[in-house]
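With the sequence shown counted from 1, adding 244 to any position gets you my numbering. What follows is one structure encoded as structure tokens, with my remarks underneath.
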Amino acid sequence: EARVAAVFRRGNVKGGWNILSLSLPTAHRLPVLIRLSTAARDEGLEETALGIARVLVREFPESSPAHLEAAKTAFHSAGDADKARTSVTKALLVDPSFGEAYDFMAFLNQAAP
Numbered sequence: 245e246a247r248v249a250a251v252f253r254r255g256n257v258k259g260g261w262n263i264l265s266l267s268l269p270t271a272h273r274l275p276v277l278i279r280l281s282t283a284a285r286d287e288g289l290e291e292t293a294l295g296i297a298r299v300l301v302r303e304f305p306e307s308s309p310a311h312l313e314a315a316k317t318a319f320h321s322a323g324d325a326d327k328a329r330t331s332v333t334k335a336l337l338v339d340p341s342f343g344e345a346y347d348f349m350a351f352l353n354q355a356a357p
């Protein structure tokens, strides 16, 4: 995971995804990508975080956590509340009981009405 993180930090999202997809089974990729996306966002690597978010929703379209992470990235890295709301809505369409998505939507409605 550290090697993949280093590749992502350099802004090479495609290369990081290639290494990750070759080195981990599918079931383990989602949580690693979410951790890497959160880390990139926290480190101020907006373009990297946005790139990872695109990979998340492309590779895991039926994952509420992937859509929620994309929503958080859209809002915190790009300042795009509308795109964040769209991603949260997709997360809820996949899993209507995903409480964390409701919490983030409430946050969005407070932060960017």
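Note that beta-carbon positions come from the ideal geometry of N, C-alpha and C, so glycine has one too. Predicted model only: the values in this text are computed from it and were never measured.
E291: first and last residue of the uninterrupted alpha helix (DSSP H) it sits in: Segment E290 to E303, the alpha helix (DSSP H) holding E291.
DSSP state of F342 mapped onto helix, strand, coil: Note: F342 maps to coil in three-state DSSP.
Straight-line Cα distance separating A315 from S329: First, the amino acid is wrong: residue 329 is Arg here, not Ser. For the pair R329 and A315, the Cα-to-Cα distance works out to about 7 Å.
Burial state of E287, where buried means 16 or more other Cβ atoms lie within 10 Å: Only exposed fits E287, as fewer than 16 other CB atoms lie within 10 angstroms of its CB.
Close-in-space but distant-in-sequence residues of the same chain around L336 (CB under 7 Å, 5 per side omitted): Excluding sequence neighbours, L336 sits near F342 and A345.
Residues of its chain near V257, where Cβ-Cβ distance is below 7 Å and the 5 sequence neighbours each way are ignored: Result list for V257: T292, G295, I296 and V299, in chain order.
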